[in-house]
Amino acid sequence: MKNRSATPWKKSRTYGDIHGGRTHRRFTDNIVARAHSLQRPGPGDALPLLLQDNPSRDFFFPVSVQECAAALQALPASHGEGITHIWLRRRPERMTGLDAPLALFIYGSGVRVIILYPWRVDGRLYVGRKKPKPQHVAPYLRFGAKLVSEHGRWYAAFSAADLKRFYLEHLFCHEVGHHVDWYSRHWSSANARQVEEFADQYAVQWGPFTKVVSQLPYSGGDADGDLGSTASPAST
Numbered sequence: 531m532k533n534r535s536a537t538p539w540k541k542s543r544t545y546g547d548i549h550g551g552r553t554h555r556r557f558t559d560n561i562v563a564r565a566h567s568l569q570r571p572g573p574g575d576a577l578p579l580l581l582q583d584n585p586s587r588d589f590f591f592p593v594s595v596q597e598c599a600a601a602l603q604a605l606p607a608s609h610g611e612g613i614t615h616i617w618l619r620r621r622p623e624r625m626t627g628l629d630a631p632l633a634l635f636i637y638g639s640g641v642r643v644i645i646l647y648p649w650r651v652d653g654r655l656y657v658g659r660k661k662p663k664p665q666h667v668a669p670y671l672r673f674g675a676k677l678v679s680e681h682g683r684w685y686a687a688f689s690a691a692d693l694k695r696f697y698l699e700h701l702f703c704h705e706v707g708h709h710v711d712w713y714s715r716h717w718s719s720a721n722a723r724q725v726e727e728f729a730d731q732y733a734v735q736w737g738p739f740t741k742v743v744s745q746l747p748y749s750g751g752d753a754d755g756d757l758g759s760t761a762s763p764a765s766t
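For the sequence shown, the tail end lands on 766 under our numbering, and the numbers increase by one without skipping.
Structure (structure tokens):
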């Protein structure tokens, strides 16, 4: 493993470009209490409350917030009990660097929210300048992504249908897994590796239950043509 001085972190000017030796993107930003602007639901509110921002012109949502709610209903009722909000959130400007998460589970102040962030309109998720290790891109490939090398950069490219499945069956269910794990006390937040492994395994086990939702006609935002079609797939 390289030491810190050998892998200096550099802020990327392109969302998804990864520097400093990191060859895979974190799916979450850990499940720790974070400040948020959401209000505690009222006594008569039907949960979860659904929020969907208008993404910037460079991003789009591959799914709708209603599809996320339908995916939650496809899971055992006890797994979603207590989730107060599902939020398709516009990506803040400060979250466009190398560690920008694709999804989050945030709790605190009477709120438990699953957040999904939008995808680039060109359909690409850049994963580094070196060919990533298979284990680092396995979740993408499992949902049909092609690993592409172009101009010295590697990225994962999905079809629209596969990207929708990736969002619902993996990203969304991964965050539901964090919710289940946290409130059933399987692991503490100090056990970061076990926390992530539990959420990954939850998505593998329960994600297929949302497949009916992911196979509905596409109803999210607009991408630029055929996702990730501007280069030929590289061998993986």
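Ideal Cβ positions, reconstructed from N, Cα and C, are used throughout, including at glycine. All figures in this text were calculated on a predicted structure; none of them were measured in a lab.
Bridge-paired residues (DSSP) for residue i
i, result
"LEU655", "ALA686"
"GLN582", "LEU618"
"ARG672", "Paired residue(s): none; ARG672 is not in a bridge."
"ILE644", "ILE616 and PHE635"
Cβ neighbours of residue i in the same chain (closer than 7 Å, five flanking residues each side left out)
i, result
"PRO571", "LEU577, LEU579 and THR614"
"PRO669", "HIS700"
Delimiting residues of the beta strand (DSSP E) encompassing residue i
i, result
"TYR637", "633 to 638"
Where residue i falls: helix, strand or coil (DSSP)
i, result
"VAL667", "helix"
"GLN603", "helix"
"ARG621", "coil"
"SER714", "helix"
"GLU699", "helix"
"PHE591", "coil"
"LEU693", "helix"
"ARG650", "strand"
"SER679", "strand"
"GLY610", "helix"
Cβ shell of residue i (< 6 Å), same chain only, five flanking positions each side left out
i, result
"PHE673", "ASP692, ARG695 and PHE696"
"GLY640", "ARG570"
Residue span of the alpha helix (DSSP H) that contains residue i, given as start and end
i, result
"GLU727", "722 to 736"
With three or more C-beta pairs closer than 8 Å as the rule, is the region 728 to 745 touching the region 695 to 702?
yes
Check whether the region 605 to 619 and the region 705 to 717 are in contact - that is, three or more C-beta pairs closer than 8 Å.
yes
Three CB pairs or more closer than 8 Å across the region 631 to 639 and the region 595 to 603
no
Does the region 648 to 663 come within contact of the region 720 to 732, defined as at least 3 CB pairs closer than 8 Å?
no
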